[in-house]
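For the sequence shown, the residue numbers in numbering that gives the first Met the number 0 are 0 to 217. Idealized CB from N, CA, C, for every residue including glycine. Quick caveat: nothing in here was measured; it's all calculated off a predicted structure.
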Amino acid sequence: MLRIYEHSPFPNSDNRRQIPQMANTAPTTVNRTPRRLPNSAYRPREYLTETEVERLIEAARKRGRNGPRDAAAILLAYRHGLRASELCSLRWTQIDLRHGRLHVNRAKGGQESVHPIHGPELRALRPLQGNSPYVFVTEAGTPVTTTWFLRMVQRTGKAAKLPFPVHPHMLRHSTGYKLANQGEDTRSLAHYLGHRNLQSTARYTALAPDRFKDFWKD
0 MLRIYEHSPF PNSDNRRQIP QMANTAPTTV NRTPRRLPNS AYRPREYLTE
50 TEVERLIEAA RKRGRNGPRD AAAILLAYRH GLRASELCSL RWTQIDLRHG
100 RLHVNRAKGG QESVHPIHGP ELRALRPLQG NSPYVFVTEA GTPVTTTWFL
150 RMVQRTGKAA KLPFPVHPHM LRHSTGYKLA NQGEDTRSLA HYLGHRNLQS
200 TARYTALAPD RFKDFWKD
């Protein structure tokens with residue numbers, strides 16, 4: 000702390016008097032950002048079951064004139080484990096409807112891959128074809144955004160009367176758990192989701208119930 004001294008009036012004196020400083024009594028304001036609670040405080044799990052995804056898709060299909068687009072977006076995000084940014088940037092040049100192929104460009108440095116497209120996806124995608132190079136567009140013809148996808152999924156979750164709030168990344172987790180539960184091996188699942196590290200995939204296989212099916216012989 001800086002201290003100010005007053006010299007003695009006597010020239011040869013080494014005595015100095017310390018002048019007391021006034022304390023700063025001005026009130027201070029501390030801005031604190033509200034702390035986000037852990038995910039478990041908002042929902043019991045971070046994935047949806049296959050039945051819950053079907054309810055979500057059906058609710059999206061019934062919601063307004065853009066229902067077919069919204070339902071297709073949820074279906075593709077689920078079937079291919081797409082992140083919101085990957086879905087919103089999806090172009091028709093990545094899709095081969097004739098041969099049923101989808102070239103997946105992964106975000107976050109993930110591995111690219113080619114996925115097969117099956118009947119439900121083909122039927123959902125064909126009506127969306129238009130003049131835009133992007134698969135999912137707004138009514139104005141511009142590409143949809145991740146904010147749009149977030150709000151759409153949240154609203155659709157409420158319309159589907161799911162028991163807890165949902166968000167887009169839960170669809171990617173749902174892909175991992177669904178494929179792990181049906182017995183797909185970890186390495187193939189990692190390639191499908193674009194993981195470069197198998198530890199990222201292990202979270203899905205760790206909860207696969209088939210690992211325990213022979214524990215009891217009732």
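By the neighbour-count definition (other C-beta atoms within 10 Å, threshold 16), K177 is a buried residue.
Looking at the DSSP output, S112 bridges to V103. The Cβ-Cβ distance between S112 and H98 does not fall below 9 Å.
A straight-line Cα-Cα distance of about 32 Å links E183 and A158. DSSP lists no bridge partner for D184.
Remark: C-beta atoms of Q128 and H190 do not approach each other more closely than 9 Å. R97 sits in coil when the DSSP states are folded into three classes, being neither helix nor strand.
Taking a cut-off of 8 Å for Cβ pairs, the region 195-211 and the region 70-88 do not touch, as fewer than three such pairs fall below it.
Residues of the same chain with a CB within less than 8 Å of the CB of N65, apart from the 5 flanking positions on each side, are E138 in chain order. For Y133, the three-state secondary structure derived from DSSP is strand. Uninterrupted alpha helix (DSSP H) stretches at least 4 residues long and entirely within the region 133-213 occur at 145-158, 168-180, 185-192, 197-204, given in chain order. Taking C-beta atoms as the reference points, I116 and R100 count as a pair closer than 9 Å.
Counting the other CB atoms within 10 Å of its CB gives A179 a total of 16 or more, which places it among the buried residues. DSSP places R90 within a strand segment (E or B) once states are collapsed to three.
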